[in-house]
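Q:
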Amino acid sequence: MKLVALSSSVVAGLAALMLAGPHSARAGEAGSPPIDSVEESADIDLLLSRMTLDEKIGQLVQRMGGRSKALNSRLGPEELERVRRGEVGSYLHVAGAEPLRELQRVAVEESRLGIPLLFSMDVVHGYRTIFPVPLAMAASWDPEAARRHARIAAREASAAGIHWTFAPMVDVARDPRWGRIVEGAGEDPYLGSRMAAAQVSGFQGNNLAAPDTVMAGTKHFGAYGAAEGGRDYAGADLGERALQEVYLPPFHAAVEAGAASFMTAFNALNGVPTTGNQALLRTMLREDWGWQGLLLSDWRAVEELQAHGVAGSRQDAAALALRAGVDMDMVSDIYADDLRRAIEADPALLPLLDEAVRRILAVKRDLGLFADPYAYHDARREAAVMLADSHRQAAREVAEQSIVLLQNENDVLPLARDAGRIALVGALADDALSQLGSWRAQGQEGDVVTLRAALEAAHPGVIYTTGVDTRSDDASGIAAAVAAARAADVIVVALGEDYDWSGEARSRSSLELPGRQRELFAALAATGKPLVVVLMGGRPLAIPEIAEKADAVLMTWLLGIEAGPAIVSALFGESNPGGKLPASFPRTTGQVPVNYDHLPSGRPADPDLSQDTARYMDQPITPLYAFGHGGSYTEFAYSPLRIDSVSMAAHGGSTTVSLDVTNTGNRAGDEVVQLYVRDPVASVSRPVMQLRGFQRVPLAPGETRRVSFTLRSDQFAFWSESGGWIVEPGVIEIMVGSASDDIRARGEIVIEGSAAGSIAPAAIATRTVLQ
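Read in order, the letters of the sequence shown are residues 61 to 831 in this note's numbering.
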């Protein structure tokens, strides 16, 4: 919706009407007739015409109904009076079919206009049934797994009265020091785009008005994941090309998937705080992309425009955010307390206020709240769906898909069922709370099956000892761990980070194992017993000593309530790990960022130190584990590429690339086939490779299946020097393989002519067919 230019006289007239006329709250409410019917209230323009200025502002206000650990705790008499006066449009940190039904009843039956409230919560990777953290789900390289999780999360959350989740988080993150990397899909914009679209689809379903769906809240718009030094809330300084090609595509994919709401980022982009960035929010997102959903600030982000130094007062902050296009203020009460004065000072804000109210009312209509405000408040449905058996089974299956086999020397894994005594070491092996990850919604520690519980149930000869804790310098448990290891036939040690090492405000300056875990690992390795590392946590870690001395390493992230059974299944080969890394693992913290799709250099990195090249003198030129890396208990062979047309027109052209993949081993397994492209000669330097397609392929022993990728010409566009997407003529290299550093087949196509691109290429889904 583009803004309609209004003459100064019209604006002044509107201001006089709203501020002093019969619809003014200060002039008395009797002049505005009540709205008596649900059908009438669904007419947004009619409803808007009957609202006072204060009632309009009230729709822009989101308040806390409690805290994340004390839901509904603030819903006292004073808060209910706010609802009756029409001063609130939404609550967060609330839940429960029955308590929220009563709160909704007050809104629709006791306020003058009867406008329903929006209830919201951070339902990020499950509501009661907690799935793997989002970074782990991205390691599945299976958008259907992400969609499936979101569908179940929506089913449970909606049954508890929730209309709106603040997910998916789609920020591309290339610095694993940033704690919130755990909430997204990692370093790549194409993988991130596919996971973003899948989650939007899962949360919102085919009909947002269905009572088992919730509104997706895609976050954090801008470039929050590019925070300087990986420090949460820090600013991002980016060139326009990096912004358009890397950080924005997952948001555009969410728009294409129909995301009903977005959330702004806390940080500033190139010196302009996102929450007050009119060029980014109103011009790009709303006008250029055509998105007209509900735009919400992050927690107190409107208020923080003052701390950023771009607003001199709360009134200025209110005006700046509204001009930028922010529809709703999360909990800072800037709109509630200061927007009226801003409008009095500048009546040109009035049409912007009406736009914001229309968008909020529109999502309430689309959710079906005007038709049936109590559809989300069925206590019987709430009791029936929570932690249902089918939900737990799905959580286990997605957890199994998310495990990555980083290495497996001499085929130590899978363990035999008669493996003898197993020394299970590590506090994380028995840490139920950590498996819930950050943003655990209503997940409960008692719902979790830990690695220790699952392994002891599956194997009779388990000797468990804590060893050391991730947050302690106490090394006294190492001696007991070594004694247990010497008494066992094989060692399984859980190492990594607990849940509170990653998440919001959980950035780390070091990616090495915290606490005394490296000492514990060295002592266990010195026993000479077969050593399996189960690596847990919410980010890539720098673990060169483990890579050097461990026999096998499983990256299991934080897998949710079915973590233990999923890991045990992988350890004993009942499931075959097929996950791939969504972010590169550096050798040391100082190596970051080490993303796979870097730009070429005039002096590309060379392992020969006698050459002056783009490298660190004290490290190899490669990451420890590359993007897309992940092993299996079987082997896969790739055929040469088949390209149906080696040339395509720059405008509207396409070609299909296909190949056969064969399981040449004796175990069933999944292979993630990855397609990368490169434009070797262009008007601007292009990355050495870029992901443009993938497919997870299940294969029985000896089975062959064909994978076909259909590529469109606009998927080879890039952001030009003059701005805008352009497709240039020339050769495009096609690379297909098992990882970014394990390419198995190559080919070329030629682009003929030039053309303007459409949207960010990474946001465009490649049509993939598995036969």
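Ideal Cβ placement from N, Cα and C applies to all residues, glycine included.
#1: For residue 265, which option in 228, 298, 225 and 214 has the closest C-alpha, if you only look at C-alpha atoms?
#2: Could you check what DSSP says for residue 97 in three-state terms: helix, strand or coil?
#3: Just to check my reading of the structure: residue 140 and residue 166 have Cβ atoms closer than 8 angstroms, yes? What is that Cβ distance to the nearest angstrom?
#4: Of all the beta strand (DSSP E) runs that stay within the bounds of the stretch 603 to 689, which reach a length of 3 or more residues?
#5: I think residue 498 touches residue 242, with their Cβ atoms under 8 angstroms apart; what is that distance to the nearest whole Å?
#6: Starting from residue 698, trace the beta strand (DSSP E) both ways and give me its first and last residue.
#7: Residue 787 lies in the beta strand (DSSP E); which residues open and close that run?
#8: Rank 233, 571, 599 and 535 by C-alpha distance to the C-alpha of residue 605 and give the top, closest one.
#9: Taking only the alpha-carbon atoms, compute the straight-line gap between residue 538 and residue 528 and give it to the nearest angstrom.
#10: In terms of alpha-carbon separation, which member of 589, 560 and 595 lies closest to residue 577?
#11: Let's test the definition: count the other Cβ atoms within 10 Å of the Cβ of residue 690 and tell me whether it reaches 16, buried, or not, exposed.
#12: What separation, rounded to the nearest whole angstrom, lies between the Cα atoms of residue 314 and residue 225?
#13: Among 648, 535, 729 and 710, which one has its Cα closest to the Cα of residue 685?
#14: Determine the direct distance from the alpha carbon of residue 770 to that of residue 704, and round the result to whole angstroms.
#15: Identify, in the order they occur along the chain, each residue of the same chain with its Cβ nearer than 6 angstroms to the Cβ of residue 819, setting aside the five sequence neighbours on each side.
#16: Is residue 820 helix, strand or coil when you go by DSSP?
#17: Could you pull out every unbroken alpha helix (DSSP H) segment of at least 4 residues lying fully inside the stretch 225 to 309, listed in chain order?
#18: Looking at the strands, I want to know which residues DSSP matches up with residue 132.
#19: Could you tell me if residue 782 is buried or exposed, where buried requires 16 or more neighbouring beta carbons within 10 angstroms of its beta carbon?
#20: Residue 151 to residue 254, Cα distance in whole Å?
#21: For residue 344, which three-state DSSP category applies?
#22: Considering residue 720, what are the terminal residues of the beta strand (DSSP E) in which it resides?
#23: Determine the DSSP secondary structure at residue 204, reduced to helix, strand or coil.
#24: Identify the continuous alpha helix (DSSP H) that holds residue 151 and give its terminal residues.
#25: Hey, residue 718 and residue 767: beta-carbon distance below 9 angstroms or not?
#26: Whose C-beta lies closer than 6 angstroms to the C-beta of residue 472 among residues of the same chain, with five residues either side of it excluded?
#27: Buried or exposed: where does residue 400 fall if 16 or more other Cβ atoms within 10 Å of its Cβ makes it buried?
#28: For residue 138, tell me which candidate among 131, 363, 125 and 130 has the shortest Cα-Cα distance.
#29: Going by DSSP in three states, residue 69 sits in which element: helix, strand or coil?
#30: Return the chain-ordered list of same chain residues with a C-beta closer than 6 angstroms to the C-beta of residue 329, the five sequence neighbours on each side being excluded.
#31: Using a 10 Å radius around the Cβ and a threshold of 16 neighbouring Cβ atoms, would you call residue 848 buried or exposed?
#32: In terms of residue numbering, what span does the alpha helix (DSSP H) encompassing residue 175 cover?
#33: Have a look at residue 170 and residue 144 and give me their C-alpha separation to the nearest angstrom.
#34: Tell me which residues share the same chain as residue 551 and place their Cβ nearer than 6 angstroms to its Cβ, disregarding the 5 neighbours each side in the sequence.
#35: Pull up the DSSP beta-bridge partners for residue 468, would you.
#36: Excluding the 5 residues flanking residue 496 on each side, which residues of the same chain have their C-beta closer than 6 angstroms to its C-beta?
A: On the basis of the data shown:
#1: As a working mapping, residue 265 is identified with position 205 in the sequence shown. In terms of Cα proximity to residue 265, the closest of 228, 298, 225 and 214 is 214.
#2: The residue you call residue 97 lines up with position 37 of the sequence shown. The predicted model places residue 97 with a pLDDT of 38, which falls under 50 and marks its position as unreliable; any figure quoted below should be read in that light. In this structure, residue 97 counts as coil in the three-state DSSP scheme.
#3: For the purposes of this step, residue 140 is identified with residue 80 of the sequence shown, where counting begins at 1. For the purposes of this step, residue 166 is identified with residue 106 of the sequence shown, where counting begins at 1. Going by Cβ atoms, the distance from residue 140 to residue 166 rounds to 5 angstroms, so yes, they are a contact pair.
#4: 612 to 617
#5: Residue numbering aside, residue 498 sits at position 438 when the sequence shown is read from its first letter. Residue numbering aside, residue 242 sits at position 182 when the sequence shown is read from its first letter. Taking a contact as a CB-CB distance under 8 angstroms, the pair residue 498 and residue 242 counts as one, their CB atoms being some 6 angstroms apart.
#6: For this step, residue 698 is matched to residue 638 along the sequence shown. Where residue 698 is concerned, the enclosing beta strand (DSSP E) stretches over 696 to 698.
#7: As a first step, residue 787 must be located in the sequence shown, where it is residue number 727. Note, residue 787: beta strand (DSSP E), 785 to 787.
#8: Here the question's residue 605 lines up with position 545 in the sequence shown. Closest option to residue 605, Cα to Cα, is 571.
#9: For this step, residue 538 is matched to residue 478 along the sequence shown. For this step, residue 528 is matched to residue 468 along the sequence shown. Their backbone Cα atoms lie some 7 angstroms apart in a straight line.
#10: Here residue 577 refers to the residue found at position 517 of the sequence shown. Per the Cα distances, 595.
#11: By one-based count along the sequence shown, residue 690 stands at place 630. Buried.
#12: As a working mapping, residue 314 is identified with position 254 in the sequence shown. As a working mapping, residue 225 is identified with position 165 in the sequence shown. When rounded, the distance between both Cα atoms is 14 angstroms.
#13: Here residue 685 refers to the residue found at position 625 of the sequence shown. Considering only alpha carbons, the answer is 648.
#14: Position 644 of the sequence shown, counted from the first residue, corresponds to residue 704. Position 710 of the sequence shown, counted from the first residue, corresponds to residue 770. Near 10 angstroms, if we compare the C-alpha coordinates of residue 770 and residue 704.
#15: To locate residue 819, count along the sequence shown from 1; it is residue 759. Cβ neighbours of residue 819 beyond the five flanking positions: 312.
#16: Here residue 820 refers to the residue found at position 760 of the sequence shown. Looking at residue 820 - three-state DSSP - the assignment turns out to be coil, as it is neither helix nor strand.
#17: If only uninterrupted alpha helix (DSSP H) runs of at least 4 residues are considered, those enclosed by the stretch 225 to 309 are 249 to 264.
#18: The residue you call residue 132 lines up with position 72 of the sequence shown. Answer is none; residue 132 lacks a bridge partner.
#19: The residue you call residue 782 lines up with position 722 of the sequence shown. Result: exposed.
#20: As a position in the sequence shown, residue 151 is number 91, starting the count at 1. As a position in the sequence shown, residue 254 is number 194, starting the count at 1. The alpha-carbon atoms of residue 151 and residue 254 are separated by roughly 30 angstroms.
#21: Taking the first residue of the sequence shown as 1, we reach residue 344 at position 284. In this structure, residue 344 counts as helix in the three-state DSSP scheme.
#22: The count along the sequence shown starts at 1 and reaches residue 720 at position 660. Per DSSP, residue 720 is one residue of the beta strand (DSSP E) stretching across 714 to 723.
#23: Here the question's residue 204 lines up with position 144 in the sequence shown. If DSSP states are grouped into helix, strand and coil, residue 204 belongs with the helices.
#24: In the sequence shown, counting from the first residue as 1, residue 151 sits at position 91. First-last for residue 151: 150 to 152, but that is the beta strand (DSSP E), not the alpha helix (DSSP H).
#25: On the sequence shown, position 658 is the one that residue 718 refers to. On the sequence shown, position 707 is the one that residue 767 refers to. Yes, the pair counts as a contact, with Cβ atoms nearer than the cut-off.
#26: Position 412 of the sequence shown holds residue 472. Contacts found: 590, 611 and 612.
#27: What you label residue 400 is simply residue 340 of the sequence shown in a count that begins at 1. Its Cβ being crowded by 16 or more others within 10 Å, residue 400 is buried.
#28: By one-based count along the sequence shown, residue 138 stands at place 78. Closest by alpha carbon: 125.
#29: Working through the sequence shown from its first residue, we reach residue 69 at position 9. Any answer about residue 69 is weak, because its pLDDT of 31 lies below 50 and its placement is not dependable; what the coordinates show is given next. Residue 69 falls in the helix class under three-state DSSP.
#30: Here residue 329 refers to the residue found at position 269 when the sequence shown is read from its first residue. Counting only Cβ-Cβ distances below 6 angstroms, and skipping sequence neighbours, we find 282, 283 and 296.
#31: No statement about residue 848 is possible, as the shown extent of the chain runs from 61 to 831 and does not include it.
#32: Walking along the sequence shown from the start, residue 175 turns up at place 115. From DSSP, residue 175 is part of no alpha helix (DSSP H); its letter is neither H nor E.
#33: Along the sequence shown, one-based indexing puts residue 170 at 110. Along the sequence shown, one-based indexing puts residue 144 at 84. Roughly 6 angstroms between the two C-alpha positions.
#34: Within the sequence shown, the letter at position 491 stands for residue 551. Hits under 6 angstroms: 483, 545, 584, 589 and 591.
#35: In the sequence shown, the residue the question calls residue 468 occupies position 408. 612, per the DSSP bridge assignment.
#36: Indexing the sequence shown from 1 puts residue 496 at position 436. 190 and 503, listed in sequence order.
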